[in-house]
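Taking UniProt numbering, the leading residue of the sequence shown gets 1, the next gets one more, and so forth.
We treat Cβ as the ideally placed atom computed from N, Cα and C, and that holds for glycine.
A short write-up of the structure that comes next.
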Amino acid sequence: MFTARNFIYSAVALSVISCGGSSSSDNSNDLELPSFVSLIQEQQTASPSKNFSAKSALSQVVPLAVADPLPGAGTDFDNFTTTNLGVDEHPGGAIFKVVNGALCFVGQTNPQANVGALPYRSLVDEGKCFEEDNTSYKDVISQVTELASGYQIDLWWTTSRGGDNFNVTVRFLINESISDANPYGRFEYFKLDKNSNDNISVKQHLVVDVDSSAAEPYHVFKVTNDGVGELSSKLVAKTAINGSAGGAVIRDRGNEADVIFNSDFIQHNQVNPEVDVCFDRADPIEKVYGYALFNLDGSAFNLESGFGFSYSIGESTTNGIVDKYGVWPEDLFTVAGTYTVTRHSNNETYTLTVDGSGNAAVKDSGNNTVEFGDPIEFTGIEIGTVDLRNDESEPADQTMTYYGRGSMGNSSVYNLVDGYILGTYLVKATDISLSAEESENQESCDILDDYPTYTAEFDSLAVGDDSSYNTAAAPTITAAPKYVAGEAVVVPTDL
């Protein structure tokens, strides 16, 4: 199975970088970073029962742990929610889930701001990208070159694995700009891992293209991971640009599977062990991963330090802590006590201390204490609760207390209703995930039997021509890093 960390080291590289089509280096901002690749996109419909507006997963879904802080004043809450549809634990899902990690990794080097510049250094925080609770910097050298046909991005860094050191090189060849009709453009990605003996241990090739031969254009993703032993993997995936249909053939460390879907059903066939499941897209399960608090005029709070909160349902009281990214740790507490809580977006651990009055204090992993101010109380407010197992809403009288200002959050037991007016504030979900359920009639997917499975294209996958890989030695750079965790380094001028 793929993991987030071994992705950047040695697994299938589904990083996605595309650019605008201008050939002028004055337009360096044309180089853009799409946020997410999803094999199964959501339909562009709103849910009347939950009052949210679906937005494209292709450009909107970003882990809260690596996203910018939630927007400040002026944000329109009518366009705030992000939504994506998937199938829990389907083969190939892990390949797509790690895309954001790679985008975060490359994005911290800010290639779009350095077209035509000399090679430069960046300290990239791996932990920030791969939802880990520790900070782990990689010293990455980058160079972004403008070509007649687009752009070339070269990266160099070193890493250790299994007691050996590895030199890693990456190259993106970008051939066509992004557009509304083609959010990814056309490009290729090449990655090499060489061990201390200069032997290649992993060779990866990714092609992102568009198939316009049919009436409806399709995105095409082809991945070849030629590694040692269990690290070999391949994938061919095609998905209609409007998300209405698509499929994939996948081999992940010896496990083979294919996925075919249309606007109604998803057929998942796994070879070993043999599993054939039909999923119905009509009534997915909804899960919410965070909330934001807005003024009724549509402006959001600027979350600088986070806040603590508590709420009660009957005799049960729940306390939580939210940082500036608006993440609720999904833990239940009594009113008083000291607890270890985990922010689920990146597994960062906090120590939460709640006194008898409900006031909260928090220490992060660096033992830094965050104090929260006087509570703002809303009493006797009716807010629906959601039973995630049955996806049913039931009204309940709740008392809510906020310590400071900021986002709300999600609980595995109680979900606040998206769009609910709370006093002078509006609750808006920051991220909603929809998971398709198994169809009650497994024969429903028979309609997909005539859809292509892309087997022939899968069999022809290869790692690409050797001359396309970045085999040059890393440039020698003595200058200080230009970026740290994506932020430009500011050199004092008064020294």
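Would you call the CB atoms of threonine 159 and leucine 192 closer than 8 angstroms?
-> no
In the structure shown, what three-state DSSP assignment does glycine 464 receive?
-> coil
Is it buried or exposed for glutamate 443, if we count other Cβ within 10 angstroms and need 16 for buried?
-> Per the 10 Å Cβ criterion, exposed.
Within 10 angstroms of its Cβ, does aspartate 258 collect 16 or more other Cβ (buried), or is it exposed?
-> buried
Under a three-way DSSP split, which group does valine 115 fall into?
-> strand
How do the region 211 to 218 and the region 195 to 203 stand: do at least 3 beta-carbon pairs fall below 8 angstroms, yes or no?
-> Taking a cut-off of 8 angstroms on C-beta distances, the region 211 to 218 does not touch the region 195 to 203, as fewer than three cross pairs fall below it.
N- and C-terminal bounds of the alpha helix (DSSP H) containing glutamate 457 = 455 to 459
What do you get for aspartate 466, buried or exposed, if any count of 16 or more other CB atoms within 10 angstroms of its CB means buried?
-> Answer is exposed; the Cβ neighbour count stays below 16.
Verify the CB distance criterion: does asparagine 195 have a CB-CB separation below 8 angstroms to chain C?
-> As a matter of chain content, chain C is missing from the structure shown, which is built from one protein chain.
Would you call the CB atoms of arginine 171 and asparagine 441 closer than 8 angstroms?
-> no
Which class does isoleucine 447 belong to by DSSP, given the choice of helix, strand or coil?
-> helix
How would you call serine 24, buried or exposed, if buried means at least 16 neighbouring beta carbons within 10 angstroms?
-> Confidence is the limiting factor: at serine 24 the pLDDT is only 33, short of 50, which leaves the residue's position unreliable and the question unanswerable from this model.
Test item: CB-CB of serine 224 and alanine 479 under 8 angstroms | Note on residue identity: the sequence assigns threonine, not serine, to residue 224. No Cβ-Cβ contact shorter than 8 angstroms links threonine 224 with alanine 479.
When DSSP labels each residue in this structure, what does glutamate 437 get in the three-state scheme?
-> strand
What first and last residue would you give for the beta strand (DSSP E) that runs through serine 365?
-> Here serine 365 belongs to no beta strand (DSSP E), and DSSP marks it neither H nor E.
Name the residue from Ala436, Ala473, Val106 whose alpha carbon lies nearest to the alpha carbon of lysine 194.
-> Ala473
Cα-Cα separation, glutamine 270 to asparagine 367 | 47 angstroms
Starting from residue 509 and walking both ways along the beta strand (DSSP E), at which residues does that stretch end?
-> There is simply no residue 509 to check, as the chain begins at 1 and stops at 495 in what is shown.
Of the residues Asp154, Lys128, Gly127, which one's Cα is nearest the Cα of valine 140?
-> Asp154
Just how far apart, CA to CA, sit glutamate 487 and isoleucine 447?
-> 50 angstroms
Go to valine 210, then tell me how far its beta strand (DSSP E) extends in each direction, as first and last residue.
-> 200 to 211
By the 10 Å Cβ neighbour count, where 16 or more other Cβ atoms means buried, how is glycine 247 classified, buried or exposed?
-> By the neighbour-count rule (16 or more Cβ atoms within 10 Å), glycine 247 is buried.
Since I believe aspartate 125 is in contact with serine 136 (beta carbons under 8 angstroms), could you give me their beta-carbon distance rounded to a whole number of angstroms?
-> 7 angstroms
Where do the N-terminal and C-terminal ends of the beta strand (DSSP E) with asparagine 175 fall, by residue?
-> 164 to 176
Those residues which DSSP pairs with arginine 121 across a bridge | Ile141
DSSP state of glutamate 126, grouped into three classes?
-> Three-state DSSP puts glutamate 126 in a helix.
So, helix, strand or coil for glutamine 267, using DSSP?
-> strand
For leucine 206, is the classification buried or exposed, using 16 other Cβ atoms within 10 angstroms of its Cβ as the cut-off for buried?
-> buried
C-beta contact flag for phenylalanine 279 and isoleucine 266 at 8 angstroms = yes
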